[in-house]
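There are 2 protein chains.
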Amino acid sequence: MATTTAAQQRARAKMEYDAFLAACPSRKLLDRISDKWVTLILAALGSGPDCAGDPRPMRYSELSRLLASVSQKMLTQTLRALERDGLISRTVEPTVPVTVTYELTPLGLSLHAMMRGLKLWAQDHMDEVLAHRAAYDG
Amino acid sequence: MATTTAAQQRARAKMEYDAFLAACPSRKLLDRISDKWVTLILAALGSGPDCAGDPRPMRYSELSRLLASVSQKMLTQTLRALERDGLISRTVEPTVPVTVTYELTPLGLSLHAMMRGLKLWAQDHMDEVLAHRAAYDG
DNA sequence: CAGTATCCAGCTAGATACTG
DNA sequence: CAGTATCTAGCTGGATACTG
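Residue numbers (my numbering), protein chains in the order written: chain X, 465 to 602; chain L, 465 to 602.
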């Protein structure tokens with residue numbers, strides 16, 4: 465009774481591992497960029513509407529039109545999260561009605577540049593992944 | 465009545481955008497790596513238990529111990545998905561009881577190398593993100 | 001050892017309606 | 001224009017129990 469059981473040791477290992485994950489920078493980054501709308505907003509602000517231009521500010525409504533299937537709730541929520549993390553800046557011009565523009569910060573720009581490596585890998589290798597997938601299923 | 469309404473045009477834009485996303489290689493890649501356990505298994509097989517060594521095969525039970533808080537269901541499910549995509553290979557040795565080892569394929573190794581860029585960005589910049597987050601909340 | 005099968009609670013994305 | 005508020009259905013991950 466005084467010794468720890470195997471179940472207790474497993475529980476402790478889980479807690480330690482979860483703590484490790486909570487502190488891991490890579491995990492935190494993944495948690496942020498693994499959101500569907502985060503990556504799409506970063507791409508829009510970083511490469512323009514056609515995904516092949518230069519970074520430029522965009523208005524809420526422009527983003528809403530571009531990411532056609534995003535709900536207002538998710539667009540606002542995602543923009544707030546990115547602003548909170550210092551990845552984009554939000555600028556309100558006191559016109560009537562108000563004009564709000566979003567723009568990548570230098571930090572956001574840096575993240576966008578990193579994402580290009582990911583995009584390149586996808587372009588180079590996803591065909592192969594898809595082929596494996598089809599072969600496995602067949 | 466014969467002309468398309470604004471609502472219909474929006475619905476069409478959404479469908480087109482969803483179709484674009486479904487075909488986008490980057491999106492497919494993100495869909496795969498944004499899974500919590502996928503990245504952890506890739507890291508384990510690609511860098512060893514300490515996340516700083518060389519790629520090496522690992523057994524099911526070894527992965528299970530290392531990723532202490534993964535459930536059997538998710539471990540098996542994730543390993544199957546990675547095998548399906550040609551990112552890892554599964555080898556069964558007919559011992560009693562059976563021995564199963566998992567190993568990164570060249571394709572998986574290539575993905576693991578790409579993920580290192582992500583890890584580097586995280587190490588270099590997540591502090592800044594976290595600082596922004598704290599400032600925004602305070 | 002390396003899984004499979006089943007059930008269920010919790011979270012979240014989306015739809016909808018409303019507003020300064 | 002650029003949001004906020006609320007409700008809910010559906011998916012997913014975890015717990016649990018069982019097996020060749």
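Just so it is clear, CB atoms sit at the ideal spot from N, CA and C, and this is done for glycine as well.
| field | Uninterrupted beta strand (DSSP E) stretches inside the segment 535 to 587 of chain L (no shorter than 3 residues) | value | Entirely contained in the segment 535 to 587 of chain L, the beta strand (DSSP E) runs reaching 3 residues are, in chain order, 552 to 557, 563 to 568.
| Whose Cβ in chain X lies nearer than 7 Å to the Cβ of PRO489(L)? | Those within 7 Å of PRO489(L) in chain X are ALA586, GLN587, MET590.
| request: Using a Cβ-Cβ cut-off of 8 Å, state whether THR540(X) counts as contacting chain L. | output: The Cβ of THR540(X) sits no closer than 8 Å to any Cβ of chain L.
| task | Tell me MET605(L)'s beta-bridge partners as DSSP assigns them. | result | What is shown of chain L runs 465 to 602, which leaves residue 605(L) out entirely.
| request: Look at the alpha carbon of ALA516(L) and the alpha carbon of LEU485(X), and state the distance between them as a whole number of angstroms. | output: So the two alpha carbons sit approximately 16 Å from each other.
| request: For my contact list, LEU594(X) and LEU506(X) are in at a C-beta cut-off of 8 Å; report their separation, rounded to the angstrom. | output: Between LEU594(X) and LEU506(X) a beta carbon distance of about 24 Å is seen, past the 8 Å cut, so the two are scored as non-contacting.
| For GLU557(X), which residues of its own chain have a beta-carbon under 8 Å away from its beta-carbon, when the five flanking residues on both sides are left out? | Excluding residues up to 5 positions away in sequence, THR563, VAL564, THR565 lie with their Cβ nearer than 8 Å to the Cβ of GLU557(X) in the same chain.
| said: With H, G and I counted as helix, E and B as strand and the rest as coil, what does DSSP make of LEU494(X)? | reply: Helix, per DSSP.
| task | Out of VAL502(L), GLY602(L), SER490(L), state which residue places its alpha-carbon closest to the alpha-carbon of ASP495(X). | result | In this structure, VAL502(L) is the residue among VAL502(L), GLY602(L), SER490(L) with its C-alpha nearest to the C-alpha of ASP495(X).
| query | Does ALA471(X) have its Cβ less than 8 Å from a Cβ in chain L? | reply | No, no contact with chain L.
| Any heavy atom of the ligand FMN closer than 7 Å to the Cβ of GLN536(X)? | The ligand FMN is not among the ligands present in this structure, which contains no ligands whatsoever.
| Backbone secondary structure at ALA532(X) - three-state DSSP | If DSSP states are grouped into helix, strand and coil, ALA532(X) belongs with coil.
| field | 7 Å Cβ cut-off: residues of chain L touching ARG597(X) | value | Neighbours of ARG597(X) on chain L, chain order: ARG548, ASP549.
| field | Per-residue DSSP class, three states only, for PRO513(L) | value | Collapsing the DSSP output to three states places PRO513(L) in coil.
| message | Quick check: the Cα distance between LYS478(L) and LEU573(X), rounded to an integer number of angstroms? | response | Cα-Cα distance, rounded: 27 Å.
| request: Could you check how far apart the C-beta atoms of HIS596(L) and ASP549(X) are, in whole angstroms? I think they sit under 8 Å. | output: Contact between HIS596(L) and ASP549(X) is confirmed by a C-beta separation of about 6 Å, below the 8 Å threshold.
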